[in-house]
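This report concerns only the one structure given below.
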Amino acid sequence: MNTFSLKGKIALITGASYGIGYAIAKGLAGAGATIVFNDLNQELVDKGIAAYKADGITAHGYVFDVTNEDQVNEHIAKISKEVGVIDILVNNAGIIRRTPATEMSAAEFRLVIDIDLNGPFIMSKAVAPGMIAKNSGKIINICSMMSELGRETVSAYAAAKGGLKMLTKNLACEWAEHGIQVNGIGPGYIETPQTAPLREPGHPFDQFIKSRTPAARWGKTDDLVGPAIFLASEASNFVNGHVLYVDGGILAYLGRLPK
Ligand code: NAP
Ligand code: GCO
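Be aware that the sequence shown starts at 299, since it is given in the numbering used here, and climbs by one per residue.
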């Protein structure tokens, strides 16, 4: 079981004050990693640090925007001095905008692409030199069902997450010779603040997702922890450029007949 150990490793999870990022960070901590996370403002970071502490984890929190290359480079250098060189990067920070394409402004489209696709590129480029110097590193990009499927109103998000799948494959090709594995996790529909509007009582999407999921339930953030530990550990040293879908079977399923 040592192959799944993250003891002595430093993991940076972006946007991890709550939600999927928080659950993954807590899981990586449980496997022995030192946790570093960021969010957009000090209030969120402070709340995150308190939440990690309540879970028995001493997390290091930093305030920076993953789309701002100067802020990212400044903070990766700061983290290297204050905590250590990053061994594991989880590109989790992301947003969604649910707007019909005919009504979506170019600015709104660009915002989603910037955070969900440019951000992971900027973050990966910033941590790569430290990983290359150590000839070792793990990068995990949080993709989506929308890396493979489309649906109404999420054109920008699907374009970003489809691009993130291909960025995962391309960086895997570029950095494999340096001992770095770049993979993705593609969550299904997970109960977090991001999907809360879709789960409001009586919202048709709730029944729709349960009919499209063989497991007939929404995913929990904890469903993503084991896959994240696997891709962050030596257990996945020969897995590269792969998106591991954790979706309860959605991508395998045509859908349940209405009763
Ligand atoms: P969430 O609850 O909305 O949390 C996203 C986190 O990212 C928030 O802490 C947010 O901070 C932070 N963030 C946003 N923009 C940022 C930026 N520019 N720089 C730094 N941090 C930023 O989302 P989630 O449901 O946990 O999803 C996390 C990731 O999983 C996202 O990439 C999402 O696309 C993906 N995903 C989610 C699901 C799902 O069903 N929930 C399924 C598949 C994939 P603020 O609070 O300040 O906005
Ligand atoms: C939506 C949802 C999805 C999930 C997730 C599915 O509006 O369709 O928000 O996009 O967030 O990405 O994997």
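Note that beta-carbon positions come from the ideal geometry of N, C-alpha and C, so glycine has one too.
The structure displayed is predicted, hence computed values, not measured ones.
Checking 8 Å against the spacing of the C-beta atoms, do residue i and residue j come in under that value?
i	j	result
I527	A329	yes
G561	G517	Lying outside 299 to 557, the shown extent of the chain, residue 561 is not represented and no answer is given.
V370	M429	no
V544	G460	no
A352	F335	no
L462	P418	yes
G346	S303	no
G553	R510	yes
R396	V452	yes
V388	Y455	no
I308	G382	yes
I333	I355	yes
I374	A426	no
L529	K436	yes
V364	N339	no
A331	I386	yes
E446	L549	yes
Leaving out five residues on either side along the sequence, give the residues of the same chain with a beta carbon under 6 Å from the beta carbon of residue i.
i	result
G319	I311, G313, N390
D414	G392, A458
N538	A470, A474, Q479
A327	I333, I355
Which residue comes first and which comes last in the alpha helix (DSSP H) that contains residue i?
i	result
I507	502–510
G553	It is not in any alpha helix (DSSP H) - G553 carries neither H nor E in the DSSP assignment.
L496	Careful: L496 lies outside any alpha helix (DSSP H) and carries neither H nor E.
G382	Per DSSP, G382 belongs to no alpha helix (DSSP H) and is neither H nor E.
Give every residue of the same chain whose Cβ lies closer than 7 Å to the Cβ of residue i, excluding the five residues on either side of it in the sequence, and list them in chain order.
i	result
T493	Y487
V523	A321, I322, G325
D521	V544
A513	G546, G547
L342	S315
T301	S531, E532, A533
K508	A514, R515
Between which two residues does the beta strand (DSSP E) containing residue i stretch?
i	result
V425	Where V425 is concerned, there is no enclosing beta strand (DSSP E), although the alpha helix (DSSP H) it sits in stretches over 417–432.
N439	435–440
I393	It is not in any beta strand (DSSP E) - I393 carries neither H nor E in the DSSP assignment.
P525	Unbroken run through P525 is the alpha helix (DSSP H), 523–530; no beta strand (DSSP E).
L542	541–544
G484	478–485
Identify, in the order they occur along the chain, each residue of the same chain with its Cβ nearer than 8 Å to the Cβ of residue i, setting aside the five sequence neighbours on each side.
i	result
P491	Y316, G317
(message) Please give me, in chain order, every unbroken run of the beta strand (DSSP E) with length at least 3 that falls completely inside the region 305–379.
(response) 308–312, 332–337, 358–361
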